[in-house]
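In our numbering, the protein residues as written are 133 to 565.
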Amino acid sequence: MAPFVTLLLLLTWTRVAGQCPPVLLVSGSPGGAWAAITPGGFVLTLGTDWHGGDSSAVSGQLTNVDAIFSNGLAFAARKSDGTLVTWGSAERGGDSSAVKDNLTNVEEVVGTRFYSFAAKKTDGTVVAWGDPANGGDASSVADQLSNVDTIAATDQAFAVRKMDGTVVAWGDSRHGGDVQNFSALLTDVVQLITSSGDPNAFAAIKADGTAVIWGGAVTNAYEQSGGADGAAAAYLLESNVREIVRIVSLVYGTLAVLQTNDTLKTYTPYRDWSTQTWKLRQGTIQLTNVDTVSAVDRNFVARQRDGTVVIWDPSSNTENGRLTDVDWIVAGSSAVAGRRSDGTVVTWGNSFSGGDAGDVAAQLTNVEAIFTNGGAFAALKADATVVTWRNTFNGGDSSAVAGNLTNVSTILSNNGAFAAKKTDGNFFFLGFV
Ligand SMILES: *[C@@H]1O[C@H](CO)[C@@H](O)[C@H](O)[C@H]1NC(C)=O
Ligand SMILES: *[C@@H]1O[C@H](CO)[C@@H](O)[C@H](O)[C@H]1NC(C)=O
Ligand SMILES: *[C@@H]1O[C@H](CO)[C@@H](O)[C@H](O)[C@H]1NC(C)=O
Ligand SMILES: *[C@@H]1O[C@H](CO)[C@@H](O)[C@H](O)[C@H]1NC(C)=O
Ligand SMILES: *[C@@H]1O[C@H](CO)[C@@H](O)[C@H](O)[C@H]1NC(C)=O
Numbered sequence: 133m134a135p136f137v138t139l140l141l142l143l144t145w146t147r148v149a150g151q152c153p154p155v156l157l158v159s160g161s162p163g164g165a166w167a168a169i170t171p172g173g174f175v176l177t178l179g180t181d182w183h184g185g186d187s188s189a190v191s192g193q194l195t196n197v198d199a200i201f202s203n204g205l206a207f208a209a210r211k212s213d214g215t216l217v218t219w220g221s222a223e224r225g226g227d228s229s230a231v232k233d234n235l236t237n238v239e240e241v242v243g244t245r246f247y248s249f250a251a252k253k254t255d256g257t258v259v260a261w262g263d264p265a266n267g268g269d270a271s272s273v274a275d276q277l278s279n280v281d282t283i284a285a286t287d288q289a290f291a292v293r294k295m296d297g298t299v300v301a302w303g304d305s306r307h308g309g310d311v312q313n314f315s316a317l318l319t320d321v322v323q324l325i326t327s328s329g330d331p332n333a334f335a336a337i338k339a340d341g342t343a344v345i346w347g348g349a350v351t352n353a354y355e356q357s358g359g360a361d362g363a364a365a366a367y368l369l370e371s372n373v374r375e376i377v378r379i380v381s382l383v384y385g386t387l388a389v390l391q392t393n394d395t396l397k398t399y400t401p402y403r404d405w406s407t408q409t410w411k412l413r414q415g416t417i418q419l420t421n422v423d424t425v426s427a428v429d430r431n432f433v434a435r436q437r438d439g440t441v442v443i444w445d446p447s448s449n450t451e452n453g454r455l456t457d458v459d460w461i462v463a464g465s466s467a468v469a470g471r472r473s474d475g476t477v478v479t480w481g482n483s484f485s486g487g488d489a490g491d492v493a494a495q496l497t498n499v500e501a502i503f504t505n506g507g508a509f510a511a512l513k514a515d516a517t518v519v520t521w522r523n524t525f526n527g528g529d530s531s532a533v534a535g536n537l538t539n540v541s542t543i544l545s546n547n548g549a550f551a552a553k554k555t556d557g558n559f560f561f562l563g564f565v
C-alpha cells in the first residue's frame with residue numbers, strides 16, 4: 133500500500149508518500165496545526181483549534197479530498213468535484229459561507245499569512261474571502277479578475293498576473309495591495325514574486341528584465357512622504373531581480389534585492405529632516421557573489437559563493453556576524469544554522485532561538501539536512517537520526533525521546549512544531565501540537 137498523505141507546512145504544502153500519522157502529543161500548548169489527507173480522501177487534523185486543528189464541525193463534508201491549503205490560521209480542502217470545504221479561524225478564512233456558491237471548479241488556493249484566501253477557478257476567475265482589510269475582499273477589483281494565470285500573496289495582500297501580462301492587486305496597501313497609481317507600468321510581466329521573510333512586498337518581473345517592486349519599505353516611504361504629492365516614489369525599478377527579501381527594522385522594514393548577477397542591495401526608508409519627507413536610501417554595502425539571502429531579525433544573512441556568510445543590519449549599517457566555510461544556511465526567526473562541508477553545523481543569533489546549539493553541539497556531525505520552525509532547529513543525520521536544539525516549546529529539546537527519532541526520512545515544520553516522518557510512514561510530532 134502506498135497511499136498519499138498531504139501534510140501542511142505554513143503557506144506551502146508537500147505531498148509525501150506514507151500512512152496515516154499516528155496521533156502523538158509531545159507537548160500541548162498554543163501553536164500551529166496539522167492536516168493530512170488519508171488514503172481514502174478523508175482528512176485528519178491535529179493541533180490548536182483556532183489554527184484549524186479541529187475539523188470536527190465539517191468532518192461530514194471532508195470526503196474525496198485531493199488537496200489541502202493553509203494560511204496559518206485556517207484550512208481549505210479541495211474535493212475531487214472542485215468544491216472547497218474550509219475550517220479554522222472563522223474570520224480569517226475558516227468561514228467561506230459568504231462565497232460558498234462561487235467556490236466551484238477550484239484549481240488552486242493561495243493564502244495570505246494568517247488573514248485570507250484567494251481561489252483560482254478553472255475559468256481563470258478568482259474568489260477571495262477572509263479578513264476584508266487584508267485580502268479577503270476583492271470587490272474593488274472584481275471586474276478585472278478574469279484570465280488570471282498566477283496568484284501571489286504577501287502576508288496581507290494578493291496580486292495576480294493575468295494571461296495578458298498585466299497585474300491586479302488588492303488588500304492592505306502597505307503590504308502590496310494597491311497598484312492603481314502605476315498599473316500602466318505593469319505590462320509584459322512574466323513572473324510575480326513575493327518577498328521572503330514575513331512577506332510584505334511584490335516584484336513584477338517584465339520580459340525586458342526590469343522589475344517593478346512595490347509594497348513594504350517602498351510603499352511605506354511613499355505613503356509616509358504624502359503619497360502622490362510626496363518625495364518617495366510609489367514603486368522601485370530594478371533590473372535583473374532574482375529575489376527580494378523583507379528585513380524587519382525600526383523604520384518600516386528594509387527591502388533587500390538580490391540580482392541575477394549575485395549582487396545584493398538594500399533599501400531602507402528614512403526621514404529627510406530638511407524636507408520633512410520620507411525617502412528610500414540605498415544601503416552602503418553592496419555585496420557581490422551572493423548565492424542565497426535570508427532575513428534574521430534586523431539582519432540579512434547572505435551566503436557568498438566562497439562559503440562566507442555575512443550577517444548585516446542594513447538599517448544601522450553594522451556587520452553583526454560572519455561565518456566561514458558554510459555550504460548552505462537555514463534561517464529561523466532570530467537565528468541561523470549553517471552546514472559545513474565536513475557535516476558539522478555552525479550557528480549564529482539569539483541563543484534561545486537556536487543561535488547556540490548548547491548541549492547538543494557535539495552531536496551535530498554527519499548532518500545532511502536542517503529544518504526550522506522559527507524558534508527551534510532540527511538536524512537530520514546520515515544515520516537517519518535527528519538532533520534538535522533550543523526553544524523547547526517548539527520541539528527544541530528532544531533528549532527524552534531521542535530513542536524514537538530513528539529511521540527518520542524527512543522533517544516537516546509548522547509555526548510551532550516539527551513532524552518527523554519515519555521510514556515506516558508514521559509521523560512523530562515534537563513541540564506545540
Ligand atoms: C459570485 O458569482 C456571482 C454570479 O456569477 C457573481 O455575480 C459574484 O460577483 C461572485 N462573487 C464573488 C465574490 O466572486
Ligand atoms: C494615487 O494618486 C492619487 C492622485 O495623485 C492620490 O490622490 C492617491 O493618494 C494615490 N494613491 C495612493 C495609494 O497614495
Ligand atoms: C550587476 O548588475 C547591476 C545591474 O544590472 C549592475 O549595476 C552591477 O554593476 C552588476 N554587478 C556586477 C558585480 O556585475
Ligand atoms: C518511543 O520509544 C519508547 C522506548 O523505545 C517506546 O516504548 C515508545 O513506544 C516509543 N513511542 C513512539 C510513539 O514511537
Ligand atoms: C529501522 O527500520 C528497519 C526496517 O526498515 C528496522 O529493521 C530497524 O529496526 C529500524 N531501526 C530502528 C532503530 O528503529
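We put the beta carbon where it would ideally sit given N, CA and C, even for glycine.
Query: Taking Cβ positions, are T398 and F432 nearer each other than 8 angstroms?; Result: yes
Query: Give me whichever residues DSSP pairs with V217 in a beta bridge.; Result: A209
Query: Taking the alpha helix (DSSP H) that N351 belongs to, which residues open and close that run?; Result: It is Thr, not Asn, that sits at residue 351 in the sequence shown. Taken as a continuous stretch (DSSP letters only), the alpha helix (DSSP H) holding T351 covers G348 to Q356.
Query: Could you give the first and the last residue of the continuous beta strand (DSSP E) run that contains W261?; Result: V258 to G262
Query: Between the alpha carbons of A551 and A353, how many angstroms are there, rounded?; Result: 40 angstroms
Query: Report the three-state DSSP secondary structure of F559 (helix, strand or coil).; Result: strand
Query: Run through the region 457 to 517 for me and flag every whole beta strand (DSSP E) of 3 or more residues, listed as ranges in chain order.; Result: 458 to 463, 467 to 472, 477 to 481, 499 to 504 and 509 to 513
Query: Please tell me whether, using a cut-off of 7 angstroms, the distance from the CB of Q408 to the nearest non-hydrogen atom of ligand 3 is below it.; Result: no
Query: Determine the direct distance from the alpha carbon of G179 to that of F559, and round the result to whole angstroms.; Result: 14 angstroms
Query: Does the region 214 to 224 come close enough to the region 246 to 259 that 3 or more CB-CB pairs lie under 8 angstroms?; Result: yes
Query: On a CA-only basis, which of V321, A349, M295 and S278 is nearest G308? Give me that one, please.; Result: A349
Query: Using DSSP bridges, identify the partner residues of Y608.; Result: Coverage of the chain is limited to positions 133 through 565, which leaves residue 608 absent and any answer about it impossible.
Query: Note down the Cα distance separating G470 from V478, rounded to an integer number of angstroms.; Result: 5 angstroms
Query: Suppose the cutoff is 8 angstroms on Cβ atoms and the five residues either side in sequence are ignored; what does the same chain contact list for T125 look like?; Result: Nothing about residue 125 can be reported from this structure: the residues present for the chain run from 133 to 565 only.
Query: Can you tell me which of the three DSSP states A534 falls into?; Result: helix
Query: Do S248 and ligand 7 come close, with the Cβ less than 7 angstroms from some heavy atom?; Result: Here the bound small molecules are ligand 1, ligand 2, ligand 3, ligand 4 and ligand 5; ligand 7 is not part of this structure.
Query: Short of 7 angstroms in beta carbon distance, which residues of its chain neighbour L235, apart from the five on each side in sequence? Order them along the chain.; Result: T215, L216, S228, A251 and V259
Query: Under 6 angstroms, CB to any heavy atom of ligand 3. Which residues pass, going along the chain?; Result: S371, N372, Q391, N393, T395 and T420
Query: Please name the residue, chosen from A388, A206, D491 and Q408, that lies closest to S426 on a Cα-to-Cα basis.; Result: A388
Query: If you run the structure through DSSP and keep just helix, strand and coil, what is D445?; Result: strand
Query: Quick one: what does DSSP say R224 is sitting in, helix, strand or coil?; Result: helix
Query: Based on the DSSP output, what are the partners of Q391 in its beta bridges?; Result: V373
Query: Would you kindly work out how many angstroms separate the C-alpha atoms of D445 and R306, rounded to a whole number?; Result: 22 angstroms
Query: Could you tell me whether the Cβ atoms of L382 and S465 are closer together than 8 angstroms?; Result: no
Query: Under a three-way DSSP split, which group does Q418 fall into?; Result: coil
Query: What is the C-beta distance between A274 and F290, in whole angstroms, given that I count them as a contact (C-beta under 8 angstroms)?; Result: Not a contact, Cβ separation roughly 13 angstroms.
Query: With a Cβ-Cβ cutoff of 8 angstroms, do V422 and L396 count as a contact?; Result: yes
Query: How many Å lie between S545 and S202 at the Cα?; Result: 13 angstroms
Query: How would you call Q356, buried or exposed, if buried means at least 16 neighbouring beta carbons within 10 angstroms?; Result: buried
Query: What do you reckon, are the CB atoms on K411 and A489 nearer than 8 angstroms?; Result: no
Query: In the structure shown, what three-state DSSP assignment does D129 receive?; Result: No answer is possible for residue 129: it lies beyond the span of the chain, which begins at 133 and ends at 565.
Query: Per the DSSP calculation, Q193 is bridged to which residue(s)?; Result: In DSSP, Q193 forms no bridge with anything.
Query: Please report the straight-line C-alpha distance between A168 and D269, rounded to a whole angstrom.; Result: 28 angstroms
Query: In this structure, does DSSP put N452 in helix, strand or coil?; Result: strand
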